[in-house]
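Right, one structure below, let's go through it.
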Amino acid sequence: MNNIWTIAKREYDNYFNSPLAYVVMLAILLPLGIYFTLILLFSSQNAYFGGGAAPDTLQINWLFVFLMVFLAPAITMRLISDEARIGTLELMLTAPVKDFEFVAGKWLGALMFVLSTAVVTLIFPIVLNNFVSPGLDWMKVLSSYIGLILVSSAMLALGVGISAIFNNQFAAFFVTLGLFFFLWFFVNMPVNLLPTGGEILNYLSLSYHFSQNINQGNMTLAGIVYYLSLTALGLFIGTTAIEIRRWR
Amino acid sequence: MIKVSGLTKDYGARRAIHNLNFDAQQGEIVGFLGPNGAGKTTTMRILTGYMPPSDGEAIVAGYDVVEDSLEVRKRVGYLPETVPLYTDMVVFDYLKYMGELRQIPNVEDRVDEVLDMVGLSDRAQGYIGNLSKGMRQRVGLAQALLHRPEVLILDEPTIGLDPNQVVEVRELIREIGKEKTVLLSTHLLHEAQNLCDRVLIINKGKIVAEDTTENLQARLLGAERVIVKVRGDGDGLAETIKEVKGVRKIETLEDGVVEFEFASGKDLRPEVAKQVIKSGYDLLELRPLGMSLEEIFIELTSGDSKKK
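Which chain is which? The protein sequence lines are X and P, in order. Under the working numbering, the first residue of the first sequence carries the number 26, and numbering increases by one thereafter. Under the working numbering, the first residue of the second sequence carries the number 90, and numbering increases by one thereafter.
Take a look at the structure:
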């Protein structure tokens with residue numbers, strides 16, 4: 026377990042050595058900031074005219090997670106593929122580190138980076154809390170953030186897993202992006218087409234559990250299990266890919 | 090310390106190494122020689138636990154490389170041929186990171202110690218990406234030495250170093266080789282000759298020779314060659330030497346210099362010396378001519394040529 030932490034720490038520090046981290050942070054925080062400002066503007070207008078519900082920040086977290094569909098592949102693409110390309114993977118695989126620890130360390134480092142970005146967004150509910158009466162429903166906010174962490178965890182694990190398959194980070198990027206598109210937009214499309222029984226496809230959707238339940242303050246077991254399963258699947262793919270590399 | 094038996098590795102249909110058998114003891118430096126693609130790196134990668142063999146067994150530091158891969162990896166220091174490094178890291182941080190992965194106590198002190206050993210203390214705070222090839226090589230070596238490994242596996246350890254650094258690194262390896270087991274691969278035959286206690290010559294995935302460099306020479310040659318040099322133009326010198334029983338293959342190289350050969354086992358040099366002096370020549374030199382490792386190497390690895 027020590028090794029996971031050692032690898033995660035290095036990976037986390039390493040993010041801030043490259044411009045990618047700042048680009049990703051900007052790509053998340055700038056749209057979120059603009060969105061928050063718009064929410065404040067429209068809500069205050071509504072309030073002036075005496076209508077509309079009190080605003081909350083759940084939409085902002087939804088946008089965060091939606092942006093992750095595009096940005097998580099960028100965060101994870103080079104994690105293992107680049108080590109394979111420059112050869113440092115050989116160093117890691119001859120160090121007394123289990124394959125799983127290596128993969129999990131990479132994933133944890135990426136998750137820590139995303140969490141650092143998420144911490145910055147706490148400013149939105151804190152500011153908004155001063156403008157609404159009787160204040161925000163903090164349980165809902167908590168549920169939303171737990172959801173955000175769960176979805177990010179699943180996405181990053183899948184991204185790391187795919188990165189372990191390729192030696193080229195752009196190949197890893199596009200395959201990961203394709204997978205997220207499928208899981209976010211397409212997997213539950215037939216729900217509206219099928220006469221009955223299509224609802225089960227909702228359970229496979231990356232967005233469904235978060236958007237419909239967890240982000241609304243409804244911590245469903247199905248949602249938690251789904252995201253944790255995807256995380257485990259991603260780490261499993263990564264570990265297996267490393268093992269296959271050894272045998273090749 | 091290293092014991093390899095029947096080691097075989099296939100990459101798809103291509104057989105990279107075939108039924109390798111060898112061992113290396115503690116306090117021994119073993120050289121691994123062979124042309125490109127002979128299977129040196131593959132063998133080293135198996136010994137370091139990087140990949141499993143297709144068949145056969147390798148025991149390193151008392152542990153099986155497949156069954157107890159982690160235990161092997163704890164006890165082996167490895168310098169891969171390409172010296173992969175995180176170029177965006179500072180030298181000190183990189184070594185500290187590798188040390189933490191190996192759970193070395195007081196890792197920072199140890200990093201300072203190792204940096205001193207490889208002569209990089211003044212570059213500890215520099216980025217690896219800004220270092221020269223030779224310095225990177227030394228960072229790689231420092232990484233391999235960090236955890237005081239019982240077995241050191243070095244793939245081309247002196248490649249890319251300048252002559253002074255080569256001497257330093259060889260000195261370092263020789264020092265380490267007194268207590269630990271060192272297996273190193275090299276293209277430089279004279280390096281193997283002056284560094285290694287024993288040499289394994291590998292070609293097309295098979296070991297074609299294994300011995301000390303001296304024994305290899307003797308074995309391949311089956312005969313010993315000697316050069317005789319006398320003052321003056323040495324007229325009739327060849328004929329004089331020929332009179333000694335057992336001498337064969339006499340050749341006059343230049344005025345006053347003659348090369349001859351005799352079968353290994355019975356040293357004819359005293360007899361030849363007496364004969365030359367008795368015949369009135371001023372003997373200047375009587376020098377045995379060893380077969381260089383280069384010649385042995387070419388002999389063993391080129392085409393179908395068989396041992397003489």
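Ideal placement from N, C-alpha and C gives every residue a C-beta, glycine not left out. Given the structure is predicted, the values throughout are model-derived calculations rather than measurements.
Short CB-CB distance (under 8 Å) between residue i and chain P
i: residue 192(X); result: no
i: residue 48(X); result: no
i: residue 103(X); result: no
i: residue 128(X); result: no
i: residue 144(X); result: no
i: residue 224(X); result: no
i: residue 44(X); result: no
i: residue 272(X); result: yes
i: residue 112(X); result: yes
i: residue 265(X); result: no
i: residue 118(X); result: yes
Opening and closing residue of the beta strand (DSSP E) in which residue i lies
i: residue 242(P); result: 240-244
i: residue 271(P); result: 270-275
i: residue 218(X); result: Run containing residue 218(X): none; DSSP gives neither H nor E here.
i: residue 147(P); result: 144-149
i: residue 172(X); result: Here residue 172(X) belongs to no beta strand (DSSP E); instead the alpha helix (DSSP H) covers 163-188.
i: residue 113(P); result: 103-113
i: residue 205(P); result: Counting along the chain, residue 205(P) falls outside any beta strand (DSSP E), though it belongs to the alpha helix (DSSP H) covering 196-206.
i: residue 289(P); result: 287-292
CB contact check: residue i to chain X, cutoff 8 Å
i: residue 138(P); result: yes
i: residue 90(P); result: no
i: residue 237(P); result: no
i: residue 356(P); result: no
Whole-angstrom distance between residue j and residue i, CA atom to CA atom
i: residue 111(X); j: residue 197(X); result: 16 Å
i: residue 105(P); j: residue 198(P); result: 41 Å
i: residue 164(X); j: residue 242(X); result: 7 Å
i: residue 351(P); j: residue 341(P); result: 16 Å
i: residue 170(P); j: residue 225(P); result: 12 Å
i: residue 106(X); j: residue 273(X); result: 16 Å
i: residue 276(P); j: residue 247(P); result: 10 Å
i: residue 271(P); j: residue 114(P); result: 9 Å
i: residue 96(X); j: residue 49(X); result: 7 Å
i: residue 142(P); j: residue 111(P); result: 15 Å
i: residue 44(X); j: residue 101(X); result: 14 Å
i: residue 127(P); j: residue 98(X); result: 40 Å
i: residue 201(P); j: residue 194(P); result: 13 Å
i: residue 159(P); j: residue 28(X); result: 13 Å
8 Å Cβ cutoff met for residue i and residue j
i: residue 318(P); j: residue 335(P); result: no
i: residue 150(P); j: residue 90(P); result: yes
i: residue 239(P); j: residue 134(P); result: no
i: residue 223(P); j: residue 251(P); result: yes
i: residue 209(P); j: residue 228(P); result: yes
i: residue 135(X); j: residue 36(X); result: yes
i: residue 246(X); j: residue 179(X); result: no
i: residue 80(X); j: residue 153(X); result: yes
i: residue 177(X); j: residue 103(X); result: no
i: residue 162(P); j: residue 266(X); result: no
i: residue 264(X); j: residue 173(P); result: no
i: residue 338(P); j: residue 349(P); result: yes
Start-to-end residues for the alpha helix (DSSP H) that takes in residue i
i: residue 135(P); result: 129-136
i: residue 34(X); result: 27-40
i: residue 118(P); result: Counting along the chain, residue 118(P) falls outside any alpha helix (DSSP H), though it belongs to the beta strand (DSSP E) covering 118-122.
i: residue 257(P); result: 252-266
i: residue 228(P); result: 222-234
Residue i beta carbon near the ligand ATP (any heavy atom closer than 7 Å)
i: residue 66(X); result: Among the components modelled here there is no ligand, and therefore nothing to report on the ligand ATP.
Stretch-stretch touch, CB-based, cutoff 8 Å, three pairs: the region 109-126 of chain P with the region 274-287 of chain P = yes
Count the C-beta pairs between the region 133-145 of chain X and the region 213-226 of chain P that are closer than 8 Å, then say yes if the count reaches three, no if not.
-> no
Any contact of the region 125-142 of chain X with the region 211-223 of chain X, i.e. 3+ C-beta pairs under 8 Å?
-> no
Can at least three beta-carbon pairs, one atom from the region 176-191 of chain P and one from the region 228-248 of chain P, be found at a separation below 8 Å?
-> yes
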